[in-house]
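Q: 17 is the number of the first residue of the sequence shown in my numbering; add one for each residue after it.
Just so you know, even glycine gets a beta-carbon here, dropped at the ideal spot from N, CA and C.
Computed from a predicted model, the values in this text were never measured in an experiment.
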Amino acid sequence: MKTDFEQWLSAQFGETGPFTLFIVLVRIAGDDVVPLKSSYAHLIGDDMTWREMRGLLDRAGAAWDGVAFFVGLDHAGGPLPDAAASRKLREVEADVKSDPLALNRGRFFDREGRHMRIDEVAR
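Written out as structure tokens, the structure is:
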């Protein structure tokens, strides 16, 4: 059975073809969601399993609890050029740091590849 991540990746690739994937690893501590590390990759296929993706994420060297993926496309479709992807990654990082609810604008997954949401908590 495919994980939520694998189902999402297949649907996303079917809709857009190749794309740039912005990745934000987070730690979840009680009611707090803390961004840890981020990067981007250009995906040119949908054959990556959650196990493979999780292996790559684990190599980031951070103890993470969740990961958000955001899709970027060039104006003509397809992956963004590296310079544009780097600029967009900084925007994604700033959005998530200023408001963790921004994670819901992407696709947010736990360590098992299950889709999650962040909900606002009254303090």
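Taking only runs that begin and end inside the region 25-74, name each unbroken beta strand (DSSP E) of 3 or more residues, in chain order.
A: Taking only runs of at least 3 residues, the beta strand (DSSP E) segments lying wholly in the region 25-74 are 35-45 and 48-59.
Q: Does DSSP put Arg123 in a helix, in a strand, or in coil?
A: DSSP, reduced to helix, strand and coil, places Arg123 within a strand of the structure shown.
Q: Can you tell which of Ala27, Asp47 and Gln23 has the C-alpha that lies nearest to the C-alpha of Asp135?
A: Asp47
Q: Excluding five sequence neighbours on each side, which residues of the same chain lie with their C-beta closer than 6 Å to the C-beta of Arg130?
A: In its chain, beyond the 5 residues on either side, Asp20 have a beta carbon closer than 6 Å to the beta carbon of Arg130.
Q: Three or more C-beta pairs under 8 Å: does that hold for the region 121-128 against the region 57-64?
A: no
Q: Under 7 Å Cβ to Cβ from Val50, same chain only, skipping five residues before and after it: list those, please.
A: Val42 and Arg43
Q: So who's on the other strand from Val84, going by DSSP bridges?
A: The sequence shown places Ala at residue 84, rather than the Val named in the question. Its beta-bridge partners are Val40 and Phe124.
Q: According to DSSP, what are the bridge partners of His91?
A: Looking at the DSSP assignment, His91 forms no beta bridge with any residue, so it has no partner.
Q: Leaving out five residues before and five after Phe35 in sequence, what residues of the same chain have Cβ atoms less than 8 Å from its Cβ?
A: Gln28, Phe29, His58, Leu59, Val87, Gly88, Leu89, Gly94 and Pro95
Q: Can you have a look at Glu31 and say buried or exposed, based on whether 16 or more other CB atoms are within 10 angstroms of its CB?
A: exposed
Q: Do you know offhand how far Glu22's Cα is from Leu119's?
A: Rounded to the nearest angstrom, the gap between the Cα atoms of Glu22 and Leu119 is 18 Å.
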